[in-house]
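Read through the structure below, which is laid out as C-alpha cells, and then see the notes.
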Ligand code: GUN
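Numbering (my numbering), first residue to last: 3 to 298.
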C-alpha cells in the first residue's frame with residue numbers, strides 16, 4: 003500500500019472538540035445552549051441506531067438533544083404540526099427529520115416545512131438554492147465532512163479535477179457544488195456515464211457515492227489521486243457481515259495518494275458535521291460570531 007489513509011475517526015474527534023469548545027464559550031459568555039431536535043418516524047432499526055448516536059454525541063459536546071419518536075402511522079398533518087412547533091421553539095436551533103420516512107409521508111413536503119435556518123441537514127429547497135448560487139446556507143453534513151477532509155489534506159483545491167461518482171441530492175449534487183465553490187473543475191459521473199473507468203482515471207479527487215460495494219477498483223484510479231469513499235455497504239464474507247465502501251480498498255490504496263477507509267473514514271464525519279451545523283445555526287439565529295473552520 004502506498005496511499006496515506008485519511009483517519010476520519012480522528013478528524014471527527016477534532017471537529018467535535020472544536021464544537022464543544024465553541025458551545026462552552028456560548029454557554030459561559032451568552033448563556034446560550036444550542037439545541038438539536040431529531041424526529042424519528044417509525045421503528046426502522048438502522049434509523050434508531052443513527053438517532054441514538056446523534057443524541058448521544060449532541061449531549062457529549064454540551065448541547066441539548068430533543069428526540070421526538072413518532073408512530074409509523076402518524077398522519078402528514080400531525081407530523082407537520084410537530085415540525086411547526088419545533089420551528090417556533092427558541093430552544094431548538096437545529097431540526098433533523100430522519101430519512102427515509104414511511105411511504106405514506108411526502109418527504110419533500112416534510113423537509114420543506116422545516117425553517118431553513120434550522121435545517122441542519124441542508125436539504126430544504128432554500129438551502130439547496132443558496133448552495134447552488136454560492137450563498138451562505140446550511141450545507142449537507144456528509145459532503146461538508148468530505149470537503150473538510152480534502153481541505154485538510156490538500157490545503158488549496160483550486161484547479162484540481164474532481165470526479166463525483168453518484169448524483170444523489172444528499173451527497174453527489176451538494177458535493178459537486180462544494181468542490182466548485184473551492185474552484186475545482188467538477189464532473190458528476192453516474193451509472194450511465196460513458197467509459198466510467200476512464201472518467202474516474204482522469205480525477206485528481208475521486209468521490210465515490212454510488213452505494214455499490216467495491217464497484218471502483220484500483221485500475222480506475224489515477225496514480226497519486228485522493229479517493230474519498232462515501233459508500234457504506236454491508237456484504238457477507240466467509241459467513242460474517244462486513245462493511246465495505248464503493249471503492250475496492252486494497253487495490254485502490256496501492257495506487258492512490260490518499261484514501262478514506264470504510265469504516266472509519268467519511269462515516270464518523272457526518273454526525274460531527276451535524277453538530278457543527280447545529281452550533282452554526284445557533285450562532286446565526288442569535289447574531290453571534292460563527293465558529294471558524296466548521297462551515298463551508
Ligand atoms: N438518513 C440517512 N442519512 C441521513 C441524513 O444525512 N439525514 C437524514 N435526515 N436522514 C438520513
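Every residue gets a Cβ at the ideal spot worked out from N, C-alpha and C, and that includes glycine.
Practice task
Give a yes or no on contact between the stretch 80 to 95 and the stretch 126 to 143, applying the rule of three or more CB pairs nearer than 8 Å.
Solution key: no
Practice task
Along the alpha helix (DSSP H) that carries residue 112, what are the first and last residues, could you check?
Solution key: 109 to 113
Problem - Sequence-distant residues of the same chain with beta carbon closer than 7 Å to residue 53, five excluded per side - result: 40, 42, 69 and 100
Problem - Selection from 60, 208, 32 and 294 that minimises the alpha carbon distance to residue 148 - result: 208
Handout entry: At least three beta-carbon pairs within less than 8 Å, the stretch 160 to 174 to the stretch 281 to 298
Key = Result no; under three Cβ-Cβ pairs closer than 8 Å.
Practice task
Keeping to the same chain, check which residues put their C-beta closer than 7 Å to that of residue 127; ignore five residues upstream and five downstream.
Solution key: 114
Problem - Neighbourhood of residue 136 by C-beta, 7 Å cutoff - its chain only, sequence neighbours within 5 removed - result: 183
Problem - Buried versus exposed, by CB contacts within 10 Å (16 or more), residue 92 - result: exposed
Practice task
Could you pull the start and end residues of the beta strand (DSSP E) that residue 243 belongs to?
Solution key: 242 to 246
Handout entry: Spatially closest choice to residue 71 from 190, 193 and 50, by CA coordinates
Key = 50
Problem - Beta-carbon proximity of residue 98 to residue 38, cut-off 8 Å - result: yes
Exercise for the section: Using a threshold of 8 Å, state whether the C-beta atoms of residue 297 and residue 65 are closer than that. Expected result: Cβ atoms of residue 297 and residue 65: not closer than 8 Å.
Handout entry: residue 245 and residue 264 closer than 8 Å at C-beta
Key = yes
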